[in-house]
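K.L.:
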Amino acid sequence: MSPIGIVSAMELIFVLMFAALLIWSLSNYLHTGFDHLRMHKQDEKIWEAKLRSVSLRLAYIGNICLAFLFFPVTRMSSILPLVGLTSESSIKYHIWLGQLSMVLFAAHSIGFIIYWAITNQMIEMLEWSKTYVSNVAGEIASLIALAMWITSIPQIRRKMYEVFFYTHHLYILYILFFAIHAGVGSMCVIAPGVFLFLIDRHLRFLQSRQHARLLSARLLPCDALELNFSKNPSLYYNPTSLVFINVPKVSKLQWHPFTVTSSCNMETNYLSVAIKNVGSWSNKLYQELSSSSLDHLNISVEGPYGPHTAQFLRHEQIVMVSGGSGVTPFISIIRDLIFQSQQQEFQPPKLLLVCIFKNYADLTMLDLMLPISGLKTRISQLQLQIEAYITREKQEPSKDTQKQIQTIWFKTNLSDCPISAVLGPNNWLWLGAIITSSFVMFLLFLGIVTRYYIYPIENNSGEVYNWTYGVMWYMFSFCSCICICSSVVFLWLKRLNKLENKHIMNVEVSTPARSPGSWIYGSERELESLPHQSLVQATNVHFGSRPDLKKILFECEGKDVGVMTCGPRKMRHEVARICASGLADNLHFESISFNW
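Heads up: the sequence shown is residues 93 to 688, going by my numbering.
1. Thinking N632 and A480 are a contact (beta carbons under 8 Å), I'd like their distance in whole angstroms, please.
2. Using the beta-carbon count (16 or more within 10 Å), is A605 buried or exposed?
3. Just verifying my parser: in three-state terms, what is the DSSP assignment at H273?
4. Name the DSSP bridge partner or partners of W501?
5. Go ahead and label I267 buried or exposed: buried means 16 or more other beta carbons lie within 10 angstroms of its beta carbon, across all protein chains shown.
6. Roughly how many angstroms lie between the CA atoms of C314 and T456, to the nearest whole one?
7. In its own chain, which residues sit with a C-beta less than 8 Å from the C-beta of L311, not counting the 5 before and 5 after it?
8. How far does the beta strand (DSSP E) with T351 in it reach, from first residue to last?
9. Considering only heavy atoms of the ligand ZN, does any lie closer than 7 Å to the CB of I511?
10. Excluding five sequence neighbours on each side, which residues of the same chain lie with their C-beta closer than 7 Å to the C-beta of G398?
11. Please list the segments of the alpha helix (DSSP H) lying wholly inside the segment 358-398, counting only runs of 4 or more residues, in order along the chain.
12. In its own chain, which residues sit with a C-beta less than 6 Å from the C-beta of S529, not counting the 5 before and 5 after it?
13. Quick one: grab the DSSP three-state call for Q629.
14. Using a Cβ-Cβ cutoff of less than 6 Å, which residues in the same chain neighbour Q475 once the five nearest sequence positions on both sides are dropped?
15. Can you tell me where the beta strand (DSSP E) holding E254 begins and where it ends?
16. Under 8 Å between the Cβ atoms of K58 and Y263?
17. Name the residue from H303, S308, L143 whose alpha carbon lies nearest to the alpha carbon of F336.
18. Using DSSP's beta-bridge definition, name the partner residues of C658.
19. Taking V563 as the reference, which of A283, F681, I291 has the closest Cα?
20. Would T483 and I272 be called neighbours here (beta carbons separated by less than 8 Å)?
21. Starting from F162 and walking both ways along the alpha helix (DSSP H), at which residues does that stretch end?
22. Return helix, strand or coil for N320, following the three-state DSSP convention.
23. Taking 7 Å as the limit between beta carbons, can you name the residues of its chain near F257, skipping five residues before and five after?
24. Could you round the C-beta distance between F269 and I236 to whole angstroms and report it? I think they count as a contact, below 8 Å.
25. Using 8 Å for Cβ pairs, my map puts M461 next to I426. What's the rounded Cβ distance?
26. Classify H303 as helix, strand or coil using the three-state DSSP reduction.
This is how it looks when you write it as structure tokens:
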């Protein structure tokens, strides 16, 4: 539904409940404020006092939005899974809350500027009070928020992603000046969300300081590539997960999310991600890999992050609709089901993959279904049907113009580490320990500072302790306790895992005699291996046409059909509308977002 996009009934209920909370809070604040209206000047009029009261209460409502703003972007959150959400599927709520809080705080600022103008108090805009609210700090926070809001507009974010990325890191200064302006009391309202976010952010920072062991890269003719990393066997993740990658040689500061195409069940020691060459960052990486003879590349990895359950397994049949590089999340599902189908007591669901590509070369994205590690896969046991649509070409191009897949193998560096969970296998237990210990330490530290430093100063001088200094003590203790507890637990677990990682590093990686070819593209199409034959037989290629999604979905005969989609926004919404139309009772749309 426009403008909120694809939402489930549960999500819609939460949105309505949150809207009701804001409306009730605003009406309650206004009723209380008007009943206890105070005149700041003798000649102040009632409507002027009400304007000031309304402007102040709008900031209170903005605080409620800020209280929830950081939960959707806490990637290791223990809150979102309780309501069936992940950080990538709930990022839209972060956007909505940011937009709403920006509107409320803008109205708050404009309201006070108008009030000061009509009451001849414009000098208040330059006040930095030592004992009360600092107006200058609030104005600085508003300017920072305005910069983050403007650069996050979709049209600007898509065209100038780097500007959006760097500007959004001003949130650190925004929180600081917001705290100085609003005070410790208002910070306590938003503290839970900020507290969990800072723990998550610091743990991700610690994880990103070490380089991941890159084993190989597979360059596809469609300007896409697959990176294959070594991973700890204890690292578990579900299909459709993603990781954030940083390549210092391309950009030291930029981190980008990419879908994991491997299955942790099938490939216990490897993790693979697919990257499509569609932007300046990915183009630089592709050119770096394809134009030079690299034997090592430093890469840092955060994650993986993703759903905590594989909900798609409960359906009798699964229909996956993809556009372009949107096929990559479904490759991880297919790989996982290839492994599951080899288990004796498991009955895999029927799979229908409808993939839409612009050019014939894009078909090589389907080569990623078979791992580069060369593991034996019995794909024939999987009931898989692939319908591939090529929209811009009406026939298969000549083999003379077709490129081949290029594989690059990298040397081992002793400083690299296999990808592992930031807090190990028992990450929820350790995360709970960090949250509890850092919060208790924060209360103790703040209590000691207040009792033995702030109170004696107030008693000796007879004056209230400096407002700004008090907030700074609060923020310092807040952040320092998080950093101390998170770092201690991370370093302790890193020490325990050092021997295990050393054993993994000593495992020899077998390098094939030649690069694996394509099973559906170029001269390698007639390969004799059983996995390649099975995929060729399961694939139908349609040239110069687009799929009739409504017809395809309605022709699914299964009683319980799960439908997932990934790709352009228009296509995703079309599939969701078909499933929500009620014309077919067997279609169940899986509301999973693959887009950040």
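By construction, the Cβ of each residue, glycine as well, lies at the ideal position given by its N, Cα and C atoms.
P.N.:
The short version:
1. That belief holds up - the Cβ atoms of N632 and A480 are roughly 7 Å apart, short of 8 Å.
2. With a pLDDT of only 43 at A605, under the threshold of 50, the placement of this residue in the model should not be trusted; the figure read from the coordinates follows. Burial state of A605 is exposed, judged by a 10 Å Cβ sphere holding fewer than 16 other Cβ atoms.
3. In the three-state reduction of the DSSP assignment, H273 falls in the helix class.
4. For W501, which the question treats as bridged, DSSP gives the partners S308.
5. Under a 10 Å Cβ-count criterion, I267 is classified as buried, with 16 or more other Cβ atoms of the shown protein chains found around its own Cβ.
6. When rounded, the separation of the alpha-carbon atoms in C314 and T456 is 7 Å.
7. In its chain, beyond the 5 residues on either side, L317, Y378, L381, S382, I497, Q498, T499, I500 have a beta carbon closer than 8 Å to the beta carbon of L311.
8. Its beta strand (DSSP E) spans residues 348-351.
9. This structure simply doesn't include the ligand ZN, nor any ligand for that matter.
10. If the five residues before and after G398 are omitted, its C-beta is found closer than 7 Å to the C-beta atoms of T178, Y329, N330, T332, S333, L334, all from its own chain and listed in chain order.
11. Runs found: 372-383.
12. Correct list, in chain order: C577.
13. Three-state result, Q629: helix.
14. In its chain, beyond the 5 residues on either side, K442 have a beta carbon closer than 6 Å to the beta carbon of Q475.
15. Unbroken run through E254 is the alpha helix (DSSP H), 253-260; no beta strand (DSSP E).
16. Nothing in the structure corresponds to residue 58, since the chain is present only between 93 and 688.
17. Ranking the options by Cα distance to F336, first place goes to H303.
18. The partner list for C658 (beta bridge, DSSP) reads S414.
19. Ranking the options by Cα distance to V563, first place goes to A283.
20. Remark: C-beta atoms of T483 and I272 do not approach each other more closely than 8 Å.
21. Careful: F162 lies outside any alpha helix (DSSP H) and carries neither H nor E.
22. The three-state secondary structure of N320, taken from DSSP, is strand.
23. In chain order, Q346 place their CB closer than 7 Å to the CB of F257, counting only its own chain and leaving out the 5 sequence neighbours on each side.
24. The C-beta distance from F269 to I236 rounds to 7 Å, short enough to fall under 8 Å.
25. The pair is a contact, with the Cβ atoms about 5 Å apart (cut-off 8 Å).
26. Reduced to three states, the DSSP call for H303 is strand.
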